[in-house]
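*Asks:*
There are 2 protein chains.
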Amino acid sequence: MSLKKKDRLVDTALRLFCRYGYRATGIDTILTEAGVAKMTLYNHFGTKEGLILAALEKRDEEHIAWLASETQTRAGAPEDGLLALFDTLDAWFAGDEFHGCPFLKASGEFDDHNDPVHRAALAHKGHLLALIRELADAAGAPDPARIAGEIYMLVEGATVVAQLTGDRSTAARAKQAAEVLLAAG
Amino acid sequence: MSLKKKDRLVDTALRLFCRYGYRATGIDTILTEAGVAKMTLYNHFGTKEGLILAALEKRDEEHIAWLASETQTRAGAPEDGLLALFDTLDAWFAGDEFHGCPFLKASGEFDDHNDPVHRAALAHKGHLLALIRELADAAGAPDPARIAGEIYMLVEGATVVAQLTGDRSTAARAKQAAEVLLAAG
DNA sequence: ACTATACTATACCGTTTTGTCCAGTTTCGC
DNA sequence: GCGAAACTGGACAAAACGGTATAGTATAGT
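Residue numbers (our numbering), protein chains in the order written: chain S, 14 to 198; chain P, 14 to 198.
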């Protein structure tokens, strides 16, 4: 049952990192919560940074996949994808587990651009931008690269504002702005 | 010269907090860098949190004032203020000392909404939104409250992206999006 | 000159941090 | 059942953490 312990470690770590931050979460807390021995952690991940990177990697895959599928089911037609994305964001923000984007949090705590954690955050945002770009392509936008970049910035802004204020109308207001951007082509 | 030491402490702390984060910056580091004794810190601020709050308060006032004046001088006419704000942002992002918004960083590290540090960050963002609202009023926007909210989200998004990627064209691209939002009224 | 205040230097406190070591136990594939 | 691998629990280390205590110095205003 190697996978069980390893996965439990990553899941627990990710949950605590999201809630309390990376530096503020000690490994002893993670170990107690996960019910795993300290050596198991270090055998699997080597260092705390290794655990952070593993957690971010898993989160990257899962979150991008969730955004894509959730948006696809919410969008009736392919050209509605970009706007439906904001409904997906709304669902994300409304969840109990929402404490802001863990990658933005990571880039704030490790803002040296050479830091592996920062690079992992950057990689995730690349995947997010790529997803938005796909939605823009599917929507048949005249200048999909530019639109995607604009929508992406709006998404980041909405995420930050939602975490900062807790305002539940944030995603809806961002969606309104997105509609204007899309209508202008 | 009580003011000198106290101010030096706040300035040094703010600089280090911006660069390395709040939890990652130890008190001893601040003291050494500022050339101040430990008891001086605790006599003035009581706790590390007190120092953090003092630093954020000073930064709030200075940064809002700088944004306002810099934007005013860059804007030719009153109706150009909202767009000129993005030129100001560009100058901010291009500076050597730019390591992201210290208030977003703070809200990431202290994301409990009851935490005094989080509340200080929230207060600053309220002042920022108010500034944008003033610019929207001055520009004679038809629905200034809505426009201000949209521009504000774009500003936060641009700030995050600039810190994450280091891309120097971020503010310019956000400005393009802002132009579209403004043209649509 | 006297006094209040600001400040310094240093030692110290208890806690927490990441990470290591090790001997023993559970669990799994064969 | 056997051997290998995964896992455990606890002791331990060295450093860093925020914060306190103390004793003494510098610098003001009056």
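Just so it is clear, CB atoms sit at the ideal spot from N, CA and C, and this is done for glycine as well.
Small disclaimer: the values here were computed from a predicted structure and weren't measured.
Residues in the same chain with beta-carbon distance under 6 angstroms from V49 (chain S), minus the five sequence neighbours each way, listed in chain order, please.
*Replies:* For the purposes of this step, residue 49 (chain S) is taken as the residue at position 36 of the first sequence. Only K18 and L22 meet the Cβ criterion.
*Asks:* Please list the residues of the region 171-184 of chain P that have a C-beta atom closer than 7 angstroms to any C-beta atom in chain S, keeping them in chain order.
*Replies:* Those residues of the region 171-184 of chain P that come within reach of chain S (Cβ to Cβ, closer than 7 angstroms) are A171, V173, V174, Q176, L177, T178 and G179.
*Asks:* Against chain S, does R72 (chain P) count as a neighbour if the rule is that its beta carbon must be under 8 angstroms from one of theirs?
*Replies:* Your numbering for residue 72 (chain P) matches position 59 in the second sequence. False, the Cβ-Cβ gap to chain S never drops below 8 angstroms.
*Asks:* What residue range is occupied by the uninterrupted alpha helix (DSSP H) comprising R181 (chain S)?
*Replies:* Here residue 181 (chain S) is taken as the residue at index 168 of the first sequence, counted from 1. Note, R181 (chain S): premise wrong, no alpha helix (DSSP H); not H, not E.
*Asks:* Interface residues of chain P around A197 (chain S) at Cβ under 8 angstroms?
*Replies:* Walking along the first sequence from the start, residue 197 (chain S) turns up at place 184. The answer, in chain order, is V193, A196 and A197.
*Asks:* E169 (chain P) CB to nearest chain S CB: under 8 angstroms?
*Replies:* Counting from one through the second sequence, the residue named residue 169 (chain P) turns up at place 156. Yes, its Cβ sits closer than 8 angstroms to a Cβ of chain S.
*Asks:* Kindly indicate which residue of S:G34, S:T101 and S:E46 has the alpha-carbon position closest to the one of P115 (chain S).
*Replies:* For the purposes of this step, residue 115 (chain S) is identified with residue 102 of the first sequence, where counting begins at 1. Looking at the Cα atoms, S:G34 is the closest of the given residues.
*Asks:* Closer than 7 angstroms, Cβ to Cβ, to anything on chain P: give me those residues from the region 111-129 of chain S, in chain order.
*Replies:* So the close ones are H112, G113, L117, K118, S120, G121, E122, D124 and H126.
*Asks:* Closest Cβ-Cβ distance between L135 (chain P) and chain S: below 8 angstroms?
*Replies:* Within the second sequence, numbered from 1, the residue matching residue 135 (chain P) stands at position 122. For L135 (chain P), the answer is yes, since a Cβ of chain S falls inside 8 angstroms of its Cβ.
*Asks:* Buried or exposed: which applies to S15 (chain S), given that a residue is buried once 16 or more other Cβ atoms fall within 10 Å of its Cβ?
*Replies:* On the first sequence, residue 15 (chain S) is found 2 positions in, with the first residue counted as 1. Because the pLDDT at S15 (chain S) is just 48, under 50, the model does not fix this residue reliably, and the point stays unresolved.
*Asks:* What does the Cβ neighbour count give for G113 (chain P), buried or exposed, with the cut at 16 atoms within 10 Å?
*Replies:* Position 100 of the second sequence, counted from the first residue, corresponds to residue 113 (chain P). Buried, by the Cβ-count rule.
*Asks:* The alpha helix (DSSP H) that contains T106 (chain S), what's its start and end?
*Replies:* Within the first sequence, numbered from 1, the residue matching residue 106 (chain S) stands at position 93. The displayed chain sequence assigns Phe, not Thr, to residue 106 (chain S). That run of the alpha helix (DSSP H) goes G94 to A107.
*Asks:* In its own chain, which residues sit with a C-beta less than 8 angstroms from the C-beta of D124 (chain P), not counting the 5 before and 5 after it?
*Replies:* On the second sequence, residue 124 (chain P) is found 111 positions in, with the first residue counted as 1. Answer for D124 (chain P): H131, listed in chain order.
*Asks:* In the structure shown, what three-state DSSP assignment does F58 (chain S) receive?
*Replies:* If you number the first sequence from 1, residue 58 (chain S) lands on position 45. Correct three-state label for F58 (chain S): helix.
*Asks:* Taking the C-alpha atoms as reference points, what is the distance between L29 (chain S) and T172 (chain S)?
*Replies:* Translated into the one-based positions of the first sequence, residue 29 (chain S) becomes position 16. Translated into the one-based positions of the first sequence, residue 172 (chain S) becomes position 159. L29 (chain S) and T172 (chain S): Cα-Cα distance of roughly 19 angstroms.
*Asks:* To the nearest angstrom, how far is it from the Cα of A47 (chain S) to the Cα of T53 (chain S)?
*Replies:* The sequence position of residue 47 (chain S) within the first sequence is 34, counting from 1. The sequence position of residue 53 (chain S) within the first sequence is 40, counting from 1. When rounded, the distance between both Cα atoms is 11 angstroms.
*Asks:* Taking only the alpha-carbon atoms, compute the straight-line gap between A187 (chain S) and D128 (chain S) and give it to the nearest angstrom.
*Replies:* As a working mapping, residue 187 (chain S) is identified with position 174 in the first sequence. As a working mapping, residue 128 (chain S) is identified with position 115 in the first sequence. Their backbone Cα atoms lie some 31 angstroms apart in a straight line.
*Asks:* Just how far apart, CA to CA, sit P155 (chain P) and L96 (chain P)?
*Replies:* As a working note, residue 155 (chain P) is residue 142 in the second sequence. As a working note, residue 96 (chain P) is residue 83 in the second sequence. For P155 (chain P) and L96 (chain P), the distance between alpha carbons rounds to 16 angstroms.
*Asks:* What do you get for E110 (chain S), buried or exposed, if any count of 16 or more other CB atoms within 10 angstroms of its CB means buried?
*Replies:* Reading the first sequence from its first residue, position 97 is the one you call residue 110 (chain S). Counting Cβ neighbours within 10 Å, E110 (chain S) comes out exposed, since fewer than 16 surround it.
*Asks:* Let me check understanding here. Comparing Cα to Cα, which of S:E169, S:L194 and S:D180 lies closest to G108 (chain S)?
*Replies:* Locating residue 108 (chain S) in the first sequence gives position 95, counting from the first residue. Of the candidates S:E169, S:L194 and S:D180, the one whose C-alpha sits nearest the C-alpha of G108 (chain S) is S:D180.
*Asks:* Could you tell me the alpha carbon to alpha carbon distance between L142 (chain P) and T86 (chain P), rounded to whole angstroms?
*Replies:* Taking the first residue of the second sequence as 1, we reach residue 142 (chain P) at position 129. Taking the first residue of the second sequence as 1, we reach residue 86 (chain P) at position 73. For L142 (chain P) and T86 (chain P), the distance between alpha carbons rounds to 19 angstroms.
*Asks:* Compute the Euclidean distance between the alpha carbons of A104 (chain S) and E169 (chain P), then round it to the nearest angstrom.
*Replies:* Locating residue 104 (chain S) in the first sequence gives position 91, where the first residue counts as 1. Locating residue 169 (chain P) in the second sequence gives position 156, where the first residue counts as 1. Going from the Cα of A104 (chain S) to the Cα of E169 (chain P) covers about 21 angstroms.
*Asks:* Under the rule that 16 or more other beta-carbon atoms within 10 Å means buried, what is G39 (chain P), buried or exposed?
*Replies:* Within the second sequence, the letter at position 26 stands for residue 39 (chain P). Exposed: under 16 other Cβ atoms inside 10 Å.
*Asks:* Tell me the rounded alpha-carbon separation between R36 (chain P) and T101 (chain S).
*Replies:* If you number the second sequence from 1, residue 36 (chain P) lands on position 23. If you number the first sequence from 1, residue 101 (chain S) lands on position 88. Whole-angstrom Cα-Cα distance: 33 angstroms.
*Asks:* On the DSSP letters alone, give me the boundaries of the alpha helix (DSSP H) that P115 (chain S) sits inside.
*Replies:* Position 102 of the first sequence, counting from 1, holds the residue named residue 115 (chain S). Note, P115 (chain S): alpha helix (DSSP H), P115 to E122.
*Asks:* Which residues of the region 36-67 of chain P have a Cβ closer than 9 angstroms to any Cβ of chain S? Give them in chain order.
*Replies:* Hits within the stretch, in order: R36 and A37.
*Asks:* Out of P:A197, P:I145, P:H140 and P:A119, state which residue places its alpha-carbon closest to the alpha-carbon of E74 (chain P).
*Replies:* Sequence index remark: in the second sequence, residue 74 (chain P) carries index 61 (1-based). Looking at the Cα atoms, P:H140 is the closest of the given residues.
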